[in-house]
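In what follows, a single structure is set out as structure tokens and then discussed.
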Amino acid sequence: MISFFIKIKTELMKLEKEQWILALIVLIGLLLRLWGIDFGLPNITYADEDKLGNFAIENSYRIKNITRTGSFSALSPDDFIYGTFSIYLNFFFILIYKIFTKLVGRDIDIYGSYVTLRLSNALLTYLLSMLIPLLYLKIFKDKLGFMFTVLFVALNWKLVVHSHYLNADIMLTVLLFASLFFLYRFLHDSKFNLRFLVLSGIFFGFSVGTKITALISLPLFLLILYKKVPYEKVLFFATFVFLAYALSNPFAFKEPERFISRVNEMRLKENGIVLDSVDFSPFKYVSALSFIVTPLIFLLSLGGIIRVLLRHKENSDFYFHLFLIANILVYFYFFTFSTRRVDRWMLPVIPILFLYGSYFISFLIKYLPKAQLLLRLYMYIFLILAFLNYPVFAFAISNQLGRVTPQIEAFNWAKKNIKNQNPKLLITDSSLDPIRSVSGIKVMKVLVYSSQGAVNQVLYDPKMYEYVVIMSRPFERYRNVTLKELYPNYYLAWKKYDETITDSKDFTLVKSFKVLEPNLVPLSSAYIYKNINFIPVPVNETSTVN
1 MISFFIKIKT
11 ELMKLEKEQW
21 ILALIVLIGL
31 LLRLWGIDFG
41 LPNITYADED
51 KLGNFAIENS
61 YRIKNITRTG
71 SFSALSPDDF
81 IYGTFSIYLN
91 FFFILIYKIF
101 TKLVGRDIDI
111 YGSYVTLRLS
121 NALLTYLLSM
131 LIPLLYLKIF
141 KDKLGFMFTV
151 LFVALNWKLV
161 VHSHYLNADI
171 MLTVLLFASL
181 FFLYRFLHDS
191 KFNLRFLVLS
201 GIFFGFSVGT
211 KITALISLPL
221 FLLILYKKVP
231 YEKVLFFATF
241 VFLAYALSNP
251 FAFKEPERFI
261 SRVNEMRLKE
271 NGIVLDSVDF
281 SPFKYVSALS
291 FIVTPLIFLL
301 SLGGIIRVLL
311 RHKENSDFYF
321 HLFLIANILV
331 YFYFFTFSTR
341 RVDRWMLPVI
351 PILFLYGSYF
361 ISFLIKYLPK
371 AQLLLRLYMY
381 IFLILAFLNY
391 PVFAFAISNQ
401 LGRVTPQIEA
411 FNWAKKNIKN
421 QNPKLLITDS
431 SLDPIRSVSG
441 IKVMKVLVYS
451 SQGAVNQVLY
461 DPKMYEYVVI
471 MSRPFERYRN
481 VTLKELYPNY
491 YLAWKKYDET
501 ITDSKDFTLV
511 KSFKVLEPNL
521 VPLSSAYIYK
531 NINFIPVPVN
541 ETSTVN
């Protein structure tokens with residue numbers, strides 16, 4: 001045993017300074033992803049997490065009956081809102097967790113189940129994200145830029161946030177990049193080794209099986225293959241894409257009516273304005289990309305792209321660079337034409353920005369000693385600011401990721417301090433607020449889809465309730481400038497409603513639970529108002545937004 005540890009120590013001593021730095025960066029990135037991994041649990045899950053996790057947990061109890069009776073139709077998803085690759089992957093993780101709990105003599109529970117799923121997804125996506133710096137090294141053959149790419153991946157705040165809960169977007173990001181990585185390996189293998197093409201096709205199929213929007217990149221994959229290899233290999237790639245998709249989404253083929261019906265439902269639902277993300281600006285996704293990677297790193301990424309394009313004659317990978325840049329443009333234009341700004345939709349192209357940002361920084365550092373003194377000074381200041389600013393949000397997130405969120409704090413306070421049966425009103429956009437279980441509570445769920453009548457939603461008269469509990473994000477949504485211009489009556493009705501509660505002699509704020517800024521996850525703050533003139537009468541829900 002002693003000799004084993006001596007051997008480990010000897011191997012560690014062989015590591016160079018750069019390797020120690022890389023190991024430290026990777027470790028910090030891992031810790032950022034695991035810190036607060038149980039936030040909100042077991043009281044609430046986040047966003048659409050329940051749609052990706054509950055199916056796996058529920059079926060883990062039925063797996064014996066399913067396998068014994070052969071009733072595998074029970075594994076059909078409750079909803080086709082997302083591709084089922086992530087759902088079945090979570091099912092696999094839960095089965096492993098269930099076996100482990102039995103071995104140690106414990107029962108499976110909701111807290112342990114979701115912590116297991118979050119941990120598994122965080123570790124898997126972080127592991128796959130390490131392909132990003134590996135691809136940088138293969139394309140640019142530059143160790144300095146490789147280190148910067150590791151830094152960008154490890155400390156990106158958006159990747160850290162999405163590693164903390166189950167969501168399709170981060171899984172799509174790493175799967176799609178894995179497909180890019182193996183495509184590059186195939187195209188640059190002297191013998192065009194088919195195992196790389198198979199892996200690229202499988203990962204792309206799983207990407208589509210995670211989120212159907214991955215298909216917008218498929219023409220680019222087929223085009224670069226067509227330019228480089230015989231068409232038979234293009235078909236070979238497409239075949240494995242289809243097989244991987246079919247394997248991960250079998251019920252899309254077994255129950256085509258349900259699948260098509262769900263696609264049409266979402267198309268019609270999304271066809272109107274979505275109030276929580278409406279944005280008509282043609283530059284909304286420029287802003288989104290800049291926000292995700294920070295403005296200075298975004299500028300450096302653009303510099304890297306421009307430099308690669310200008311040096312195309314001496315670049316043997318030029319077609320692959322065009323392919324990467326085209327992926328950014330395809331995602332940018334595809335979503336720019338929508339009426340929504342949803343920053344996480346841009347996650348799949350963030351790794352490509354990391355590649356070019358690292359490349360340009362490496363170039364600048366090598367060029368600076370030759371530059372004029374004043375220019376050198378400006379560039380050093382620019383780079384220092386870029387690196388100081390980049391990790392700030394990643395570390396700030398740790399302050400928001402406690403098990404007790406403002407929603408839970410409001411629930412605990414209400415349960416302890418409000419004992420009567422008088423009517424209470426909860427204004428929220430979530431179906432998972434624990435405060436719903438408080439006696440006498442009435443829920444007004446704020447709608448977001450205009451196609452479902454969100455702009456004409458009935459607003460419950462707050463004066464009919466002794467307490468009004470407000471979740472800030474849905475309640476403050478009406479202040480969106482675009483909504484104000486688009487639906488002036490909606491804005492005025494909600495403004496009046498807001499003032500009735502917050503600027504009125506009828507209500508007083510008795511307790512507030514605020515999210516720490518910057519609110520990056522994002523979460524809602526919770527405010528509890530008391531109606532000081534409350535007289536118990538039958539609830540009359542009459543106030544309507546016209």
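Letter 103 of the sequence shown, counting from 1, is numbered 103 in UniProt numbering, and no numbers are missing.
Note that CB positions come from ideal geometry on N, CA and C, so glycine has one too.
Note that the structure is predicted; figures quoted are calculated from it, not measured.
Open item on the list: Tell me the rounded alpha-carbon separation between residue 285 and residue 201.
Closed with: Your numbering for residue 285 matches position 285 in the sequence shown. Your numbering for residue 201 matches position 201 in the sequence shown. Distance between the alpha carbons of residue 285 and residue 201: 28 Å.
Task: Contacting residues, own chain, Cβ-Cβ under 8 Å from residue 11 (five flanking each side not counted) - done: Sequence index remark: in the sequence shown, residue 11 carries index 11 (1-based). Reliability of the predicted coordinates at residue 11 is poor, the pLDDT of 49 falling under 50, and the value obtained from them is presented with this limitation in mind. Non-local C-beta neighbours of residue 11 in its own chain, meaning closer than 8 Å and more than five positions away in sequence, are absent.
Open item on the list: Since residue 160 and residue 32 should fall inside the 8 Å C-beta cutoff, what is the C-beta to C-beta distance between them, to a whole number of angstroms?
Closed with: Looking up residue 160 in the sequence shown gives position 160. Looking up residue 32 in the sequence shown gives position 32. Residue 160 to residue 32, Cβ: 5 Å. Contact.
Task: Touching by the beta-carbon criterion (3+ pairs, under 8 Å), the segment 383-395 and the segment 295-303 - done: yes
Task: Sub-7 Å separation of residue 379 and residue 364 beta-carbons - done: Start at 1 with the first residue of the sequence shown, and residue 379 comes out as number 379. Start at 1 with the first residue of the sequence shown, and residue 364 comes out as number 364. Yes, these two residues count as a Cβ contact at 7 Å.
- [ ] Could you check what DSSP says for residue 340 in three-state terms: helix, strand or coil?
- [x] Against the sequence shown, residue 340 aligns to sequence position 340. In the structure shown, residue 340 sits in a strand (DSSP, three-state: E or B).
- [ ] Leaving aside the five residues before and after residue 144 along the sequence, list all residues of the same chain whose C-beta is less than 7 Å from its C-beta, in chain order.
- [x] Here residue 144 corresponds to residue number 144 of the sequence shown, with the count starting at 1. The residues are 362 and 365.
- [ ] Take residue 279 and list the residues in its own chain whose beta-carbon comes closer than 8 Å to its own, dropping the five residues that flank it on each side.
- [x] Counting from one through the sequence shown, the residue named residue 279 turns up at place 279. Within the same chain, Cβ atoms closer than 8 Å to the Cβ of residue 279 are found at 339, 340, 341 and 482, the five residues on either side in sequence being excluded.
TODO: Measure the C-alpha to C-alpha separation of residue 305 and residue 520 and round it to an integer number of angstroms.
DONE: On the sequence shown, position 305 is the one that residue 305 refers to. On the sequence shown, position 520 is the one that residue 520 refers to. Each residue's Cα considered, the two are about 28 Å apart.
Task: Extent of the continuous beta strand (DSSP E) to which residue 246 belongs - done: Position 246 of the sequence shown, counted from the first residue, corresponds to residue 246. Element bounds for residue 246: not the beta strand (DSSP E) but the alpha helix (DSSP H), 231-248.
Task: Neighbourhood of residue 49 by C-beta, 8 Å cutoff - its chain only, sequence neighbours within 5 removed - done: What you label residue 49 is simply residue 49 of the sequence shown in a count that begins at 1. Cβ within range, chain order: 114, 165, 166 and 167.
Task: Alpha carbon of residue 250 to alpha carbon of residue 359, nearest angstrom - done: Counting from 1 along the sequence shown, the entry for residue 250 is found at position 250. Counting from 1 along the sequence shown, the entry for residue 359 is found at position 359. For residue 250 and residue 359, the distance between alpha carbons rounds to 41 Å.
- [ ] Would you tell me roughly how many angstroms separate the C-alpha atoms of residue 117 and residue 533, rounded to the nearest one?
- [x] Position 117 of the sequence shown, counted from the first residue, corresponds to residue 117. Position 533 of the sequence shown, counted from the first residue, corresponds to residue 533. One C-alpha to the other measures close to 47 Å.
Task: CB of residue 432 within 7 Å of CB of residue 37, strictly - done: Position 432 of the sequence shown holds residue 432. Position 37 of the sequence shown holds residue 37. Against a cut-off of 7 Å, the Cβ pair of residue 37 and residue 432 comes out as no contact.
Task: residue 420 burial status per 10 Å Cβ neighbour count (16 or more: buried) - done: Taking the sequence shown and counting its residues from 1, one reaches residue 420 at position 420. Residue 420 is exposed by the Cβ-count criterion.
- [ ] Rank 261, 98, 357 and 393 by C-alpha distance to the C-alpha of residue 80 and give the top, closest one.
- [x] Here residue 80 corresponds to residue number 80 of the sequence shown, with the count starting at 1. Ranking the options by Cα distance to residue 80, first place goes to 261.
Task: Pairwise C-alpha distance: residue 385 and residue 375 - done: The residue you call residue 375 lines up with position 375 of the sequence shown. The residue you call residue 385 lines up with position 385 of the sequence shown. Approximately 15 Å between the Cα atoms of the pair.
Task: Residue nearest to residue 151 in terms of C-alpha spacing, selected from 140, 162, 136 and 524 - done: Here residue 151 refers to the residue found at position 151 when the sequence shown is read from its first residue. Cα-wise, what sits closest to residue 151 is 136.
- [ ] Please confirm whether residue 85 and residue 272 have their CB atoms less than 7 Å apart.
- [x] Your numbering for residue 85 matches position 85 in the sequence shown. Your numbering for residue 272 matches position 272 in the sequence shown. In this structure, residue 272 does not lie closer than 7 Å to residue 85 by Cβ.
Open item on the list: At the level of alpha carbons, what is the spacing between residue 353 and residue 369?
Closed with: Within the sequence shown, the letter at position 353 stands for residue 353. Within the sequence shown, the letter at position 369 stands for residue 369. Whole-angstrom Cα-Cα distance: 25 Å.
Open item on the list: Rounded to the nearest angstrom, what separates residue 428 and residue 439 at their Cα positions?
Closed with: In the sequence shown, the residue the question calls residue 428 occupies position 428. In the sequence shown, the residue the question calls residue 439 occupies position 439. Using only the alpha carbons, I get a separation of about 17 Å.
TODO: Check residue 156 in the structure and name its three-state DSSP category.
DONE: Your numbering for residue 156 matches position 156 in the sequence shown. Residue 156 falls in the coil class under three-state DSSP.
- [ ] Report the three-state DSSP secondary structure of residue 286 (helix, strand or coil).
- [x] As a working note, residue 286 is residue 286 in the sequence shown. In the structure shown, residue 286 sits in a helix (DSSP, three-state: H, G or I).
Task: Stretch-stretch touch, CB-based, cutoff 8 Å, three pairs: the segment 214-231 with the segment 182-196 - done: Contact holds: three or more Cβ-Cβ distances are below 8 Å.
Open item on the list: Judging by CA-CA distance, which residue of 407, 442 and 414 is the nearest neighbour of residue 523?
Closed with: Numbered from its first residue, the sequence shown carries residue 523 at position 523. Taking only the C-alpha atoms, the option nearest residue 523 is 407.
Open item on the list: Which same chain residues end up closer than 8 Å to residue 182 when comparing Cβ atoms and leaving out the 5 residues on each side of it in sequence?
Closed with: Here residue 182 refers to the residue found at position 182 when the sequence shown is read from its first residue. Taken in chain order, the residues that qualify are 196, 197, 199, 200 and 203.
Task: residue 510, enclosing beta strand (DSSP E) - first and last residue - done: Along the sequence shown, one-based indexing puts residue 510 at 510. First-last of the beta strand (DSSP E) with residue 510: 507-513.
Task: Run of the beta strand (DSSP E) containing residue 446, from where it starts to where it stops - done: The sequence position of residue 446 within the sequence shown is 446, counting from 1. Per DSSP, residue 446 belongs to no beta strand (DSSP E) and is neither H nor E.
Open item on the list: Can you look up residue 426 in the DSSP assignment and give me helix, strand or coil?
Closed with: Within the sequence shown, the letter at position 426 stands for residue 426. Residue 426 falls in the strand class under three-state DSSP.
Task: Secondary structure of residue 278, DSSP reduced to three states - done: The residue you call residue 278 lines up with position 278 of the sequence shown. Three-state DSSP puts residue 278 in a strand.
Open item on the list: Using the three-state DSSP reduction, which class does residue 532 fall into: helix, strand or coil?
Closed with: In the sequence shown, counting from the first residue as 1, residue 532 sits at position 532. Residue 532 falls in the coil class under three-state DSSP.
TODO: Assuming residue 125 and residue 174 form a contact by the criterion Cβ under 8 Å, report the distance between their Cβ atoms to the nearest whole angstrom.
DONE: If you number the sequence shown from 1, residue 125 lands on position 125. If you number the sequence shown from 1, residue 174 lands on position 174. About 5 Å separates the two Cβ atoms, so the contact holds.
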